[in-house]
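Here is the structure we will look at, set down as structure tokens.
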Amino acid sequence: MNKKWILPTLYILFLMLPIYGLLTMSFKTTNEILGGFSFFPQQFTLANYTKIFTDPTWYNGYINSLIYVVINTVISVSVALPAAYAFSRYRFLGDKHLFFWLLTNRMAPPAVFALPFFQLYSAIELFDTHFAVALAHCLFNIPLAVWILEGFMSGIPKELDETAYLDGYSFWRFFLRIFVPTIAAGIGVAAFFCFMYSWVELLLAKTLTSVDAKPIAATMTRTASTSGYELGLLAAAGSLTIIPGAIVIYFVRNYIAKGFALGRV
Amino acid sequence: MTIEMHNISLRVGAETHIYTTDLSLEAGQFNILLGTTLSGKTTLMRLMAGLEKPTTGELRVNGENVTGIPVQKRSVAMVYQAFINYPSFTVYDNIASPLKVAGLPRNEIDEKVRRFADLLKLTPMLDRLPSELSGGQQQRTALARALVKGAELVLLDEPLANLDYKLREELRDELPRMFADTGATVVYATSEPLEALMLGGYTATLNEGRVVQFGQTSTIYRQPRNLESARVFSDPPVNIATIEKRGNTAYLNDTVSWKVPSKLAGMPDGKYKIGLRPHHLSPEFGGVKVNGQVQIAEISGSESIIRVNIEGNNWVSEAHGVHSFGFGQSAAFFFDAERCFYFDANEKLIDSGV
Numbered sequence: 014m015n016k017k018w019i020l021p022t023l024y025i026l027f028l029m030l031p032i033y034g035l036l037t038m039s040f041k042t043t044n045e046i047l048g049g050f051s052f053f054p055q056q057f058t059l060a061n062y063t064k065i066f067t068d069p070t071w072y073n074g075y076i077n078s079l080i081y082v083v084i085n086t087v088i089s090v091s092v093a094l095p096a097a098y099a100f101s102r103y104r105f106l107g108d109k110h111l112f113f114w115l116l117t118n119r120m121a122p123p124a125v126f127a128l129p130f131f132q133l134y135s136a137i138e139l140f141d142t143h144f145a146v147a148l149a150h151c152l153f154n155i156p157l158a159v160w161i162l163e164g165f166m167s168g169i170p171k172e173l174d175e176t177a178y179l180d181g182y183s184f185w186r187f188f189l190r191i192f193v194p195t196i197a198a199g200i201g202v203a204a205f206f207c208f209m210y211s212w213v214e215l216l217l218a219k220t221l222t223s224v225d226a227k228p229i230a231a232t233m234t235r236t237a238s239t240s241g242y243e244l245g246l247l248a249a250a251g252s253l254t255i256i257p258g259a260i261v262i263y264f265v266r267n268y269i270a271k272g273f274a275l276g277r278v
Numbered sequence: 223m224t225i226e227m228h229n230i231s232l233r234v235g236a237e238t239h240i241y242t243t244d245l246s247l248e249a250g251q252f253n254i255l256l257g258t259t260l261s262g263k264t265t266l267m268r269l270m271a272g273l274e275k276p277t278t279g280e281l282r283v284n285g286e287n288v289t290g291i292p293v294q295k296r297s298v299a300m301v302y303q304a305f306i307n308y309p310s311f312t313v314y315d316n317i318a319s320p321l322k323v324a325g326l327p328r329n330e331i332d333e334k335v336r337r338f339a340d341l342l343k344l345t346p347m348l349d350r351l352p353s354e355l356s357g358g359q360q361q362r363t364a365l366a367r368a369l370v371k372g373a374e375l376v377l378l379d380e381p382l383a384n385l386d387y388k389l390r391e392e393l394r395d396e397l398p399r400m401f402a403d404t405g406a407t408v409v410y411a412t413s414e415p416l417e418a419l420m421l422g423g424y425t426a427t428l429n430e431g432r433v434v435q436f437g438q439t440s441t442i443y444r445q446p447r448n449l450e451s452a453r454v455f456s457d458p459p460v461n462i463a464t465i466e467k468r469g470n471t472a473y474l475n476d477t478v479s480w481k482v483p484s485k486l487a488g489m490p491d492g493k494y495k496i497g498l499r500p501h502h503l504s505p506e507f508g509g510v511k512v513n514g515q516v517q518i519a520e521i522s523g524s525e526s527i528i529r530v531n532i533e534g535n536n537w538v539s540e541a542h543g544v545h546s547f548g549f550g551q552s553a554a555f556f557f558d559a560e561r562c563f564y565f566d567a568n569e570k571l572i573d574s575g576v
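Here the protein sequences come in this chain order: E and Y.
Residues 14 to 278 (the numbering used here) make up the first sequence, in order.
Residues 223 to 576 (the numbering used here) make up the second sequence, in order.
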């Protein structure tokens, strides 16, 4: 008999356990959560979700996060596209060093940049704007996007470019009409990684905002305040943060593995 | 259009990819670049197309210097060995692409695309993407795109090398005819001597970044200017040996000798080289007899390829019929001395035999 399915099923169950715990908690009252452990909510409630969708301090958190994440993704990918093209198609002095240096930007912990960024953005009056967070995240996302896109682009033969030039295409017409659609999967994967990084990053987002651009992750750290722990609310907020990532991952699900290998498969 | 390369050379860093080359191609002719891998066929084509800028020299099209003019402004089309099509375009849009860029009216584009799709048997596939086609269909799409443009210079870089045997034969027959109708100057790169012979036209033999010889394909095959050219234009490789010429007799060694042809007879005595095509060396009786030890005998259908050591030279015999030999077996081989190429000390051709 074929028992190949047993191990993967157990593995997936094991992985899903915390998410299941989070989901059930979000439908419980805080008292029930503190009262003891149960697999199903005893007093099923939607109050936590109602609170999030009606209280501006909560739902603005999501809106703020989404705004700067989208801005960041757009900037990162559009800046990385020509950069990755240059790295994949041209040889120039120090190209390999420059390419590696890009990746080293990801090696420094964000905490290193928090204070200088705070001071810089305050000085140029970008503090507490969506743009500030979006720009700060570019430090990590542009190198990542360049690496992923370069991998995908290097998989496209140079002859494609030449054929287009011979057909009479100018560089930009070729780039936008032919090349970009050809590496659409790579762009999707790069966008996904930028999106996810920016969406979960807390330290810089929290440091560079106070009220107007406060991200959801920062809002969530606030629940242990006046009325004690609001665990139900926190669980509901946590459940909702999974959704955008899940939606984005759906579109690039077939190419994700290649993305994790920075396009080099 | 006529293509003239004047003193063209290409160096990349310290490496020379193409040594100084002079080559002129007549308008409307079918030209073949014949050479092994890394002999510079592709680089020479890229120089003709303008994809590569020569280090020295100039490229003249119809007598006009075009060196440095961007490829977009030239009337050139190219088909690569790897099937190159625009992956996000349908077959129809792929073929239409050069016409759309040129800004032709829609109905004219449609008429041309359908005509060439029909010619290359692509009509049922017009709405498909290249990834949904077989290799042969992909390459036919690339060929259709090169044809539809009506370019005056068409470069085909081993276009059939990645296709299976049947398709290759079929397309090889059709290709020269297709391009003959357009009046384009065609340059076709191949590494197979047999393919060059079948395509006819003019051939340039290439070796290590040098054009060794250029002329009519049949002439080059029958009268290679030197040993190098004969080597390039022979598969299996041409058999080479050093002979000693004394008077009217050529000596391979003390026991094997034959009467030299008249042209060589008039030359001073000394050492010369002979080149013998493998199909002129046979285990069947007739001509000069040599003894050898068989290294390996491969039988491919009705032909036998026998690698044999003859007087210290590694020779190959390509013989009709099935000939079985064991390893190290001694056997007699025969060749017709009249069919040998005779080269002087500088490996220049003296006599091409019959």
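For each residue, glycine too, the CB sits at the ideal point set by N, CA and C.
What you are looking at is a predicted structure, and each value in this text was computed from that prediction instead of being measured.
Pick from the options: whose alpha carbon is nearest that of residue i?
i: Y/E540; options: Y/N513, Y/F563, Y/S456; result: Y/S456
i: E/S135; options: E/A149, E/T86, E/A97; result: E/A149
i: Y/R233; options: Y/L266, Y/L245, Y/K343, Y/E506; result: Y/L266
i: Y/G488; options: Y/K467, Y/P381, Y/L281, Y/M223; result: Y/K467
i: E/P156; options: E/S39, E/V146, E/L116; result: E/L116
i: E/V224; options: E/W160, E/A93, E/A274, E/T70; result: E/T70
i: Y/R529; options: Y/Q551, Y/G257, Y/G285; result: Y/Q551
i: E/L215; options: E/A248, E/T67, E/D68, E/N77; result: E/N77
i: Y/D558; options: Y/Q438, Y/H502, Y/F305, Y/S526; result: Y/H502
i: E/L246; options: E/K271, E/G48, E/T37; result: E/T37
i: Y/A553; options: Y/G523, Y/K570, Y/A339, Y/V512; result: Y/V512
i: Y/N284; options: Y/F436, Y/M227, Y/E330, Y/P327; result: Y/M227
i: Y/T464; options: Y/D340, Y/S479, Y/P458; result: Y/S479
i: Y/S526; options: Y/E533, Y/H542, Y/N535; result: Y/H542
i: Y/S522; options: Y/S546, Y/G534, Y/F507, Y/N531; result: Y/S546
i: E/Y72; options: E/I229, E/F264, E/Y263; result: E/I229
In terms of residues, what are the limits of the beta strand (DSSP E) holding residue i?
i: Y/A299; result: 298–301
i: Y/A411; result: 407–412
i: Y/N429; result: 424–429
Could you check the C-alpha separation between residue i and residue j for me, to the nearest Å?
i: E/S89; j: E/M166; result: 16 angstroms
i: E/Y178; j: E/M120; result: 39 angstroms
i: E/V213; j: Y/P346; result: 50 angstroms
i: Y/V298; j: Y/A373; result: 5 angstroms
i: Y/F436; j: Y/E450; result: 13 angstroms
i: E/G48; j: E/Q56; result: 12 angstroms
i: E/L23; j: E/L30; result: 11 angstroms
i: Y/L486; j: Y/D386; result: 45 angstroms
By the DSSP assignment, the alpha helix (DSSP H) with residue i in it spans what residues?
i: E/E45; result: 43–48
i: E/I161; result: 143–167
i: E/I229; result: 229–233
i: E/I256; result: 244–264
i: E/D5; result: For chain E, the structure presents residues 14 to 278; residue 5 of chain E sits outside this window and is missing.
i: Y/L385; result: That residue, Y/L385, is in no alpha helix (DSSP H); it is neither H nor E in DSSP.
i: Y/I496; result: Here Y/I496 belongs to no alpha helix (DSSP H); instead the beta strand (DSSP E) covers 492–498.
i: E/D180; result: 171–180
i: Y/Q361; result: 357–370
Spatial neighbours of residue i within its chain, please: C-beta separation below 7 angstroms, excluding the five flanking residues on both sides.
i: Y/T264; result: D379, A411
i: Y/V482; result: K467, N470, T471, A472
i: Y/S353; result: P309
i: Y/V433; result: T243, L245, A426
i: Y/L382; result: R390, L393, R394
i: E/F112; result: F100
i: E/L35; result: A248, G251, S252
i: Y/N229; result: T242, D244, T278, G279
Excluding the 5 residues flanking residue i on each side, which residues of the same chain have their C-beta closer than 8 angstroms to its C-beta?
i: Y/S231; result: T238, I240, Y241, T242, T243, P276, T277, T278, G279
i: Y/F252; result: P398, F401, A402, V408, Y410, L421, G422, G423, Y424
i: E/L217; result: P123, F126, A127, F130, V146, A149, H150
Do residue j and residue i come within 9 angstroms of each other at the CB atom, strictly closer than that value?
i: Y/V301; j: Y/G272; result: no
i: Y/G497; j: Y/F555; result: no
i: Y/Y308; j: E/I196; result: no
i: Y/G357; j: Y/L389; result: yes
i: E/P257; j: E/L79; result: yes
i: E/Y244; j: E/I84; result: Per the sequence shown, residue 244 of chain E should be read as Leu rather than Tyr. Against a cut-off of 9 angstroms, the Cβ pair of E/I84 and E/L244 comes out as no contact.
i: Y/P500; j: Y/V544; result: no
i: E/G74; j: E/A259; result: no
i: E/D174; j: E/R104; result: no
i: Y/N531; j: Y/Q517; result: yes
i: E/L162; j: E/A60; result: no
Ordered along the chain, which non-local residues of its own chain (more than five positions away) have a Cβ less than 6 angstroms from that of residue i?
i: Y/S413; result: T258
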